[in-house]
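In our numbering, the protein residues as written are 423 to 851. In this text, a Cβ means the ideal position worked out from N, Cα and C, and glycines have one as well. On a predicted model such as this, the values are computed, not experimentally measured, just so you know.
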Amino acid sequence: MSKSLQAIRGMNDILPEQTPLWRYFEGTVARLLDNYGYRQIRMPIVEFTELFKRSIGEVTDIVEKEMYTFDDRNGDSLTLRPEGTAACVRAVLEHGITGGGQVQKLWYIGPMFRHERPQKGRYRQFHQIGLEVFNLEGPDIDAELIVMTWRLWGELGLRDAVKLELNSLGTSESRGRYREALVEFLSAHVDKLDEDSQRRLKSNPLRVLDTKHPETQAILVDAPKMADYLDDESRAHFEGLKARLDAVGIPYVINPKLVRGLDYYSKTVFEWVTDKLGAQGTVCAGGRYDGLVEQMGGKPTPGVGFAMGIERLVLMLEALDKVPEELARQVDVYLCAFGEAAELAALALSERVRDQLPNLRLQINAGAGSFKSQFKKADKSGALYALILGDDELAQQVVGFKPLRGQGEQQSIAWDALAAHLATCVVQG
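The following block contains the structure:
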């Protein structure tokens, strides 16, 4: 196959054998968010480029190197969204749904795009579930976001595989004071910094704290600490958050180097990290962005949110063998019909059963080969039971009921009793 007919590097197909785990993960998150009172919002995947320059920051790696940006036929510069927060803020501003101090608790799901070097857990098209909350400024909502994710890890069986890291970036004023102190310190060691950190020192010095370069990390051991420059309000907010996490019993680690890669964060920042995925250790991250709405032309509006990477969490579920067994089975019952009259009866019977058992996964294979070939397909489907409908069963208005997994003899079930029998054997377990 020619290269032009293949998927773009770093943009992957999610195949039928993979989608059940994706749907399981997405469904688990959606139910959890519904229970906490969050509502879904859906934004376009393409926005004006200026939106991301204003919100993320022009000197960030995302804007400088990673965005998919192009001019459309009208000459407008458009960008495939590299993250969801800016687009969500644009949407709530455009539609006025945070006006008058209205509290909005929103979530979204979908693809994001960054031109990075593809590797396991990092792709050019990747998928996120994100949450954004507006007009709540206390540490209680910060805590709620973290508590929700802690509950999610519990439902997925991942609590032992993740660790919560916390930091506070303070207000823009306190962060500015810290930035000056950090630049002064790093400038005295500029010759020993790695090339990327030297560049960041001029454009975005807080990002130097993110470096993975061993020599630069050694220098940072003696660098000024953000905690020493926090204003009283930010310090009280952070203490309030920690008190709430302590009350719930959620363990955490304070990471003074945690700054996140986007310019809009303030006060609380957090990451859920794991050592189960190699270099791609962050599976969920976020924080507060109290100045972002105003920065984008709205009235001062507190905001906080996070995003989690679906690909990485799906990889974790697989790596840790936390995939529910039932996901391997996409069919509960497989109906084999032989002969034209039986095929017609099978269609009517299967729809009658679906009316009574809407959650039953029933697949019908009418007229698709011999008895032997249909049974091979039934077994390959993973179904628990096969139903058999031929001329003899048609005459008696019964179906053959044959277990395909485990013990049990084939028996005949009357059509009128079939739904009740399946409800006992399959739906109720």
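Counting along the chain, K475 sits inside the alpha helix (DSSP H) bounded by residues T471 to I478. By alpha-carbon distance to A508, the top candidate from R495, F760, M534 and G523 is M534. Between the alpha carbons of G497 and Q717 lies a distance of about 25 angstroms. The C-beta distance from L652 to S590 rounds to 6 angstroms, short enough to fall under 8 angstroms. The residue from L578, S772 and Y807 with its alpha-carbon nearest to that of D838 is S772.
Between A645 and the set R682, R601 and D616, the nearest pair of CA atoms involves R601.
Of the residues R783, E693, P561 and L454, the one whose Cα lies closest to the Cα of G731 is E693. Apart from the 5 residues on each side of it in sequence, Q462 sits with its Cβ closer than 6 angstroms to the Cβ of W529 in its chain, given in chain order. As summarised for the segment 766-831, the continuous beta strand (DSSP E) elements at least 3 residues long and confined to that stretch are 784-788, 807-811 and 820-825, given in chain order. Taking a C-beta distance under 8 angstroms as the contact criterion, N787 and Y756 qualify as a contact pair.
Straight through space, the alpha carbons of D435 and R539 are spaced by roughly 18 angstroms. The Cβ neighbour count for A817, taken over all protein chains shown within 10 Å, is under 16; the residue is labelled exposed. Apart from sequence neighbours up to five positions away, the residues of its chain that approach P678 with a beta-carbon distance below 7 angstroms are N589, K647, M648 and A649, ordered along the chain. Under DSSP, the beta-bridge partners assigned to Q526 are F556. Going by DSSP, R445 is part of no beta strand (DSSP E) but of the alpha helix (DSSP H) stretching over T441 to N457.
Distance from the Cα of L578 is smallest, within the candidate group A729, L454, Q440 and G521, for L454. It is roughly 7 angstroms from the alpha-carbon of R464 to the alpha-carbon of I531.
CA-to-CA, the gap between D801 and A750 works out to about 13 angstroms. Apart from the 5 residues on each side of it in sequence, T520 sits with its Cβ closer than 8 angstroms to the Cβ of V514, Q526, F556, N557, V715, G720 and T723 in its chain, given in chain order. Remark: C-beta atoms of L779 and L844 approach each other more closely than 8 angstroms.
For D494, DSSP records no beta bridge to any residue. The three-state secondary structure of I568, taken from DSSP, is helix. In the structure shown, the three-state DSSP call for Y711 is coil. A direct Cα-Cα distance of roughly 26 angstroms separates L604 from E488. DSSP places Q833 inside the beta strand (DSSP E), whose first and last residues are Q833 to A836. By the neighbour-count criterion, in which a residue is buried when 16 or more other Cβ atoms sit within 10 angstroms of its Cβ, E815 is buried.
For V451, the closest alpha carbon among the candidates A729, I467, G791 and G432 is that of A729. For A729, no alpha helix (DSSP H) encloses it; the enclosing beta strand (DSSP E) starts and ends at G725 to G731. Across the structure, G598 and F474 are spaced so that their CA atoms are roughly 22 angstroms apart.
In this structure, DSSP gives I641 a helical state, which the three-state scheme calls helix. Under DSSP, the beta-bridge partners assigned to Y756 are Q785 and A808. When beta bridges are read from the DSSP output, L502 appears opposite V468 and Y490.
In terms of CA proximity to V670, V569 leads the group L737, Y490 and V569. For a cut-off of 8 angstroms, the C-beta gap from A583 to L742 is around 6 angstroms, short enough to register as a contact. Between V821 and L811, the C-beta spacing is below 8 angstroms. If you compare the alpha carbons of A658, V695, D562 and L608 with that of R666, the shortest gap goes to D562.
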